[in-house]
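Engineer: This is the structure, below, for whatever I ask next.
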Amino acid sequence: MMSGRLVTLALRTYLALALLLVFAPIITSFIYSFDADKYAAFPWGGFSTRWYGEALADPDVAKGFHNTIIVAVTSALIATAIGFATAYTDYRYRFFGKNAYLALALLPPTIPAIILGLAMLVFLSRVGLSGALHSIIICHVVYSIPFAMALIRLRLGQMDRDLEAAAWNLGASEWHALREVVLPFTLPAILAALFLAMAVSFDEYAIAWFVSGFSETLPVRILMLLQREVSPKVNAIGSLVFIVSMTLVLVAQVMLVMRAPSQAAANGPRQGAGRG
Amino acid sequence: MAEPLLVLERLEKRYGGLVAVQSLDLAIAAGEFIAIMGPSGCGKTTTLRMIAGLERPSGGEIRLRGRRLNEIAPWQRDTPMVWQSLALFPFLSVVKNVEFGLKMRGIVAGERRRRAMKWLERLGIAHYRDRPVDKLSGGERQRVALARALVTEPEILLLDEPLAALDANLVVRMQAELKQLQQQLGITFCHVTHSQSEAFAMADRVVIMSEGRLQQAGPPREVYRAPANRFVAEFVGANNILDGTVAEATGERVRVDTGIGAFDVRAAPTRPLAKGAKVALVISADQVNVAAGPAAEGNVVTGTVIGEEFVGAFVTLHVDLGGGTVFRVQLQQHALDKLGSVQGKSLTVTWKPEHAVLLSNA
Amino acid sequence: MVGTIPTTSATGGRRSRGPRGFALAFALPMPVWQTLFFVAALLFLIVMTFWSVRNFRVEPDFTMANWVKMLSAGYFQDTYFRTVWYAALAALVASLIAFPCAYGMAFKLSPSFQRIVASSLILPYFTSYLVRAYSWKILLTENGVINGVLGYVNLGPFAMTSNLFAVLVGYMTLILPIVILLQYFSLAHVDRRLIEAAHNLRCGALRTVIQVVIPSARTGLILAATFAFILSFGDFVSPSFLGNNKPPTLSILMVDAVKSGSQWPRAAVVAITMVATLLLVAFLAMAFAYGRKAESR
Numbered sequence: 000m001m002s003g004r005l006v007t008l009a010l011r012t013y014l015a016l017a018l019l020l021v022f023a024p025i026i027t028s029f030i031y032s033f034d035a036d037k038y039a040a041f042p043w044g045g046f047s048t049r050w051y052g053e054a055l056a057d058p059d060v061a062k063g064f065h066n067t068i069i070v071a072v073t074s075a076l077i078a079t080a081i082g083f084a085t086a087y088t089d090y091r092y093r094f095f096g097k098n099a100y101l102a103l104a105l106l107p108p109t110i111p112a113i114i115l116g117l118a119m120l121v122f123l124s125r126v127g128l129s130g131a132l133h134s135i136i137i138c139h140v141v142y143s144i145p146f147a148m149a150l151i152r153l154r155l156g157q158m159d160r161d162l163e164a165a166a167w168n169l170g171a172s173e174w175h176a177l178r179e180v181v182l183p184f185t186l187p188a189i190l191a192a193l194f195l196a197m198a199v200s201f202d203e204y205a206i207a208w209f210v211s212g213f214s215e216t217l218p219v220r221i222l223m224l225l226q227r228e229v230s231p232k233v234n235a236i237g238s239l240v241f242i243v244s245m246t247l248v249l250v251a252q253v254m255l256v257m258r259a260p261s262q263a264a265a266n267g268p269r270q271g272a273g274r275g
Numbered sequence: 000m001a002e003p004l005l006v007l008e009r010l011e012k013r014y015g016g017l018v019a020v021q022s023l024d025l026a027i028a029a030g031e032f033i034a035i036m037g038p039s040g041c042g043k044t045t046t047l048r049m050i051a052g053l054e055r056p057s058g059g060e061i062r063l064r065g066r067r068l069n070e071i072a073p074w075q076r077d078t079p080m081v082w083q084s085l086a087l088f089p090f091l092s093v094v095k096n097v098e099f100g101l102k103m104r105g106i107v108a109g110e111r112r113r114r115a116m117k118w119l120e121r122l123g124i125a126h127y128r129d130r131p132v133d134k135l136s137g138g139e140r141q142r143v144a145l146a147r148a149l150v151t152e153p154e155i156l157l158l159d160e161p162l163a164a165l166d167a168n169l170v171v172r173m174q175a176e177l178k179q180l181q182q183q184l185g186i187t188f189c190h191v192t193h194s195q196s197e198a199f200a201m202a203d204r205v206v207i208m209s210e211g212r213l214q215q216a217g218p219p220r221e222v223y224r225a226p227a228n229r230f231v232a233e234f235v236g237a238n239n240i241l242d243g244t245v246a247e248a249t250g251e252r253v254r255v256d257t258g259i260g261a262f263d264v265r266a267a268p269t270r271p272l273a274k275g276a277k278v279a280l281v282i283s284a285d286q287v288n289v290a291a292g293p294a295a296e297g298n299v300v301t302g303t304v305i306g307e308e309f310v311g312a313f314v315t316l317h318v319d320l321g322g323g324t325v326f327r328v329q330l331q332q333h334a335l336d337k338l339g340s341v342q343g344k345s346l347t348v349t350w351k352p353e354h355a356v357l358l359s360n361a
Numbered sequence: 000m001v002g003t004i005p006t007t008s009a010t011g012g013r014r015s016r017g018p019r020g021f022a023l024a025f026a027l028p029m030p031v032w033q034t035l036f037f038v039a040a041l042l043f044l045i046v047m048t049f050w051s052v053r054n055f056r057v058e059p060d061f062t063m064a065n066w067v068k069m070l071s072a073g074y075f076q077d078t079y080f081r082t083v084w085y086a087a088l089a090a091l092v093a094s095l096i097a098f099p100c101a102y103g104m105a106f107k108l109s110p111s112f113q114r115i116v117a118s119s120l121i122l123p124y125f126t127s128y129l130v131r132a133y134s135w136k137i138l139l140t141e142n143g144v145i146n147g148v149l150g151y152v153n154l155g156p157f158a159m160t161s162n163l164f165a166v167l168v169g170y171m172t173l174i175l176p177i178v179i180l181l182q183y184f185s186l187a188h189v190d191r192r193l194i195e196a197a198h199n200l201r202c203g204a205l206r207t208v209i210q211v212v213i214p215s216a217r218t219g220l221i222l223a224a225t226f227a228f229i230l231s232f233g234d235f236v237s238p239s240f241l242g243n244n245k246p247p248t249l250s251i252l253m254v255d256a257v258k259s260g261s262q263w264p265r266a267a268v269v270a271i272t273m274v275a276t277l278l279l280v281a282f283l284a285m286a287f288a289y290g291r292k293a294e295s296r
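Protein chains in written order, with numbering that gives the first Met the number 0: chain A, 0 to 275; chain B, 0 to 361; chain C, 0 to 296.
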């Protein structure tokens with residue numbers, strides 16, 4: 000069995016190397032964001048927080064960050080609301096053309112972002128909606144709905160179908176049952192969807208680049224920096240963006256894991272058992 | 000006379016081409032404990048869900064106190080239900096679960112809490128008031144579900160196999176408690192179950208359904224002793240069924256020819272039976288006697304014991320009467336002791352004509 | 000179209016036959032938004048390919064000129080086939096690099112380690128792809144980190160930017176994690192009894208992988224490669240920043256048409272050509288992945 004163990008060891012080493020390859024740019028960016036030299040080389044020119052200082056002092060970066068926050072929060076709120084409505088529709092109703100309906104919800108991320116960006120630029124400028132923050136928000140909602148919907152639909156799938164009916168049975172109208180039963184039950188997924196949608200919007204550059212006009216978001220600013228000059232500022236901004244995105248994603252993760260297992264067991268083993 | 004509390008009139012439910020409930024007529028009186036029973040897929044739960052408004056009838060009418068319910072939304076009816084899954088709200092505490100119905104009716108917080116606590120105390124779970132419902136045992140959750148349904152003090156309570164998930168000991172205890180509760184409250188309980196013992200232990204009246212149709216409705220004893228048709232005879236209790244034809248019908252006495260002999264049966268002279276009409280005899284396993292020697296009284300036939308089945312103090316003998324007919328005979332253990340070893344023995348099987356039921360639809 | 004028939008077990012009180020306000024309130028926002036801003040935008044992009052540009056202004060028209068001009072241009076044809084070739088190469092390289100990883104994950108790691116590796120492979124997608132591409136530049140340039148390290152052992156410097164190698168490295172940044180993940184998911188579903196059975200038949204380890212594991216995971220492997228193709232085909236960042244725009248790909252052509260020439264109709268031609276190609280590739284891949292399954296069993 001000696002060769003078997005060697006194969007295992009070789010495969011694990013290979014996997015570790017591949018992970019290193021995947022994480023190399025992230026780690027490099029983080030390390031060189033603290034490099035004192037302007038032109039990154041090996042070994043680096045000493046520790047410095049100069050680029051963070053420059054990045055934070057740059058009014059374009061500050062403006063971009065501000066815009067990004069507005070776009071991310073607004074588009075996440077709208078996308079989560081629409082995503083919830085879509086997930087609930089899928090959960091509760093059957094109707095003709097449902098597959099097409101779901102495809103419409105899930106399709107946008109399969110189109111390359113750069114093409115979506117062009118399509119939206121061309122379309123939005125025709126209807127007079129391009130070149131402003133709301134243009135980016137509109138497009139990011141399109142892009143984020145599938146993510147929000149998928150997360151919330153997953154959670155709804157864990158809900159005992161009798162739960163909502165029990166609320167009606169106890170005198171709750173459909174709207175009341177939604178507020179008192181469906182929303183509390185799906186709350187973790189709703190929050191997770193919000194944070195995930197924010198993270199998606201926070202890193203999106205292609206669509207934003209096309210439709211934003213002069214209202215640059217942070218990723219667009221990074222793109223501009225990359226096209227114009229070599230600047231370790233990008234590393235500093237990138238590291239900051241990384242930390243923000245990671246926080247959003249981690250919060251989303253925690254939301255999903257929290258409470259989920261105990262609730263699933265709440266009504267015992269007979270959930271959804273056969274009907275007479 | 001005033002109309003009964005709940006009336007189902009030619010009630011129908013179809014899903015596409017599938018008929019779940021077919022022309023169901025049923026009247027349920029105020030204060031009655033009724034059990035709807037049948038194998039799974041018989042339409043009993045669909046009927047209950049139509050009463051609660053969770054399914055819309057395809058035809059017929061549901062009336063509660065004379066008011067047509069068909070178009071009334073479930074939340075505008077007062078027909079609370081205890082669910083098979085219990086359907087407790089997992090994110091709410093025990094007392095909040097119970098308060099739910101009151102909250103939906105716009106009752107203020109203090110009054111809500113007072114009324115909910117009254118029911119929690121009545122059902123002996125007041126000390127769990129602030130627990131999350133998933134931290135309770137099966138029996139405790141059952142009580143929360145009951146309290147939640149009863150807190151609005153409805154005239155009728157719907158129960159959809161609420162005891163199906165409990166273990167056997169707890170089921171017997173909950174049956175007794177449910178029955179007692181219903182008698183104390185004096186409200187109508189409409190209980191759906193597939194369990195005969197559950198239905199017979201609690202209900203004033205049982206309703207047997209099969210394939211969407213009502214087969215028989217009546218007090219448990221009547222359904223048990225006088226099944227209305229072959230389905231009920233096979234579904235309820237342990238019955239022996241013999242197919243045959245009418246050989247002779249004189250007043251109350253009918254003589255039936257079967258594959259293993261001719262037997263007398265006492266039949267109500269409502270409908271005269273023509274000679275040669277196809278009928279079936281139903282003889283309950285506990286109405287049959289066996290003896291080692293010859294017997295003179297009633298209907299007599301001999302057979303060979305081919306098997307014994309023991310349940311507690313009772314034993315069920317399987318007696319081969321020839322011609323492919325096997326009778327089940329239920330005896331007390333001590334009656335069997337008198338016969339000694341019976342396996343493989345030939346026995347005389349007897350029953351009185353008045354203990355057999357004649358079905359004309361065989 | 001919407002909201003008339005509820006799922007059987009969650010039936011509400013149907014108060015009327017037609018769709019009701021409640022159901023419509025939930026069913027409608029998504030199709031309205033996606034139709035207005037997604038479907039309409041894509042359809043309008045097709046319309047745009049027939050419009051013309053006069054005095055740097057886009058004007059409604061119905062002309063085939065854009066299509067004819069683009070499709071007959073040598074540089075467009077070259078770029079088209081180059082982009083297809085790059086994306087295909089990226090998909091192939093990623094699949095080859097990824098397979099031992101996915102295999103190792105599925106068969107040589109404990110379940111908890113599998114989860115850790117899988118979630119750490121999702122992580123990069125929440126970091127800025129732009130910044131990651133820029134980092135590769137730091138690592139790969141002539142005076143960069145890798146050449147710096149190699150210099151210590153008297154190797155190099157090697158030209159590792161502005162060439163196909165750099166572009167491929169960029170593509171890998173984009174697609175490798177997802178290809179590993181998709182391959183891993185399909186390998187994790189391979190019935191282990193099949194592998195044991197193969198071993199019992201004295202099938203060697205490598206032969207087992209080729210004759211048993213790969214055929215059973217085939218759908219997932221093709222799906223992963225297709226994803227890799229789609230993502231690389233539409234990528235702008237790697238060929239632009241790591242390949243230094245030379246030679247260009249379709250996305251660079253498209254961006255140039257928009258950003259430096261206001262040539263929206265031509266950009267639209269490029270975009271529609273790209274979408275059509277992607278649809279065709281996705282269709283062929285699915286036919287290949289699912290179509291001959293019955294035969295291979």
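Note that beta-carbon positions come from the ideal geometry of N, C-alpha and C, so glycine has one too.
On a predicted model such as this, the values are computed, not experimentally measured, just so you know.
Which term fits P218 (chain B), buried or exposed, when burial requires 16 or more other beta carbons within 10 angstroms of its beta carbon?
Structural biologist: exposed
Engineer: Residues in its own chain within less than 8 Å of D57 (chain A) by CB, not counting five upstream and five downstream?
Structural biologist: K232
Engineer: Mapping the DSSP letters down to three states, classify F282 (chain C) as helix, strand or coil.
Structural biologist: DSSP places F282 (chain C) in helix when its eight states are reduced to three.
Engineer: Quick one: any contact between the region 163-172 of chain C and the region 120-137 of chain C, if contact means 3 or more CB pairs under 8 Å?
Structural biologist: yes
Engineer: For chain A, find out if any of its Cβ atoms is closer than 8 Å to the Cβ of Y133 (chain C); answer yes or no.
Structural biologist: So yes, Y133 (chain C) belongs to the interface.
Engineer: I'd like to check one pair, I77 (chain A) with V140 (chain A): are the Cβ atoms closer than 8 Å?
Structural biologist: yes
Engineer: Fully enclosed by the region 50-121 of chain B, which beta strand (DSSP E) runs are 3 residues long or longer?
Structural biologist: 58-63
Engineer: A164 (chain A) versus chain B: which residues are under 9 Å apart at the beta carbon?
Structural biologist: R48, A51, L53, P73, M80, W82, A86
Engineer: Quick one: what's R265 (chain B) bridged to in DSSP?
Structural biologist: Under DSSP, the beta-bridge partners assigned to R265 (chain B) are B:R252.
Engineer: Since K277 (chain B) is in the beta strand (DSSP E), which residue starts that stretch and which ends it?
Structural biologist: 277-283
Engineer: Alpha carbon to alpha carbon, how far is A198 (chain A) from S22 (chain B)?
Structural biologist: 57 Å
Engineer: So that I know if they touch, is there some Cβ in chain A lying closer than 8 Å to that of G100 (chain B)?
Structural biologist: yes
Engineer: Who pairs with V206 (chain B) in a beta bridge, going by DSSP?
Structural biologist: B:I35, B:A216
Engineer: What distance in whole Å lies between the Cβ atoms of V130 (chain C) and I221 (chain A), which are believed to be in contact at a cut-off of 8 Å?
Structural biologist: 7 Å
Engineer: For A227 (chain B), I'd like the list of residues in its chain whose CB is within less than 7 Å of its CB, leaving aside the five on either flank, ordered along the chain.
Structural biologist: Q214, Q215
Engineer: In three-state terms, what does DSSP make of D319 (chain B)?
Structural biologist: Of the three classes helix, strand and coil, the one that applies to D319 (chain B) here is strand, per DSSP.
Engineer: For P264 (chain C), which residues of its own chain have a beta-carbon under 8 Å away from its beta-carbon, when the five flanking residues on both sides are left out?
Structural biologist: Non-local C-beta neighbours of P264 (chain C) in its own chain, meaning closer than 8 Å and more than five positions away in sequence, comprise M47, T48, F49, W50, S51, V52, V57, N65, ordered along the chain.
Engineer: Taking only three categories from DSSP, how would you classify N153 (chain C)?
Structural biologist: coil
Engineer: With a cut-off of 8 Å on the beta carbons, I'd call G155 (chain C) and L10 (chain A) a contact; round off their distance for me.
Structural biologist: With 8 Å as the limit, G155 (chain C) and L10 (chain A) do not qualify as a contact, their Cβ atoms being about 30 Å apart.
Engineer: Taking Cβ-Cβ distances shorter than 8 Å, what residues in chain A pair up with M47 (chain C)?
Structural biologist: Result: V121.
Engineer: Where does the unbroken alpha helix (DSSP H) through K97 (chain A) begin, and where does it stop?
Structural biologist: 97-105
Engineer: Along chain B, in chain order, which residues have C-beta atoms closer than 7 Å to that of A191 (chain A)?
Structural biologist: Within chain B, no residue comes near A191 (chain A); the closest Cβ sits about 16 Å away, beyond 7 Å.
Engineer: Report all residues from its chain with a CB closer than 7 Å to the CB of R140 (chain B); omit the five preceding and five following residues, and keep chain order.
Structural biologist: L85, L87, V132
Engineer: Could you check what DSSP says for N142 (chain C) in three-state terms: helix, strand or coil?
Structural biologist: coil
Engineer: Would the beta-carbon of D89 (chain A) fall within 8 Å of that of R152 (chain A)?
Structural biologist: Yes; because the gap between Cβ atoms is below 8 Å, this pair is in contact.
Engineer: Please confirm if L14 (chain A) has its CB atom under 8 Å from at least one CB of chain C.
Structural biologist: yes
Engineer: Starting from A80 (chain A) and walking both ways along the alpha helix (DSSP H), at which residues does that stretch end?
Structural biologist: Here the alpha helix (DSSP H) through A80 (chain A) covers 58-91.
Engineer: For a test of your reading of the model: does the CB of L222 (chain C) fall under 7 Å from any non-hydrogen atom of the ligand GTP? Yes or no.
Structural biologist: By its list of ligands, the structure shown contains no ligand whatsoever, and the ligand GTP lies outside what it can speak to.
Engineer: Along the alpha helix (DSSP H) that carries L241 (chain C), what are the first and last residues, could you check?
Structural biologist: No alpha helix (DSSP H) contains L241 (chain C), which DSSP labels as neither H nor E.
Engineer: Go ahead and pull the three-state DSSP assignment for A131 (chain A).
Structural biologist: In the structure shown, A131 (chain A) sits in coil (DSSP, three-state: anything other than H, G, I, E or B).
Engineer: Is L272 (chain B) helix, strand or coil by DSSP?
Structural biologist: coil
Engineer: Could you tell me which chain F residues have their CB closer than 7 Å to the CB of P183 (chain A), listed as they occur along the chain?
Structural biologist: Chain labels in this structure do not include chain F; the protein chains are A, B and C.
Engineer: Following the continuous beta strand (DSSP E) through N312 (chain A), name the residue where it begins and the one where it ends.
Structural biologist: The displayed coordinates of chain A run from 0 to 275. Any statement about residue 312 (chain A) would go beyond what the structure contains.
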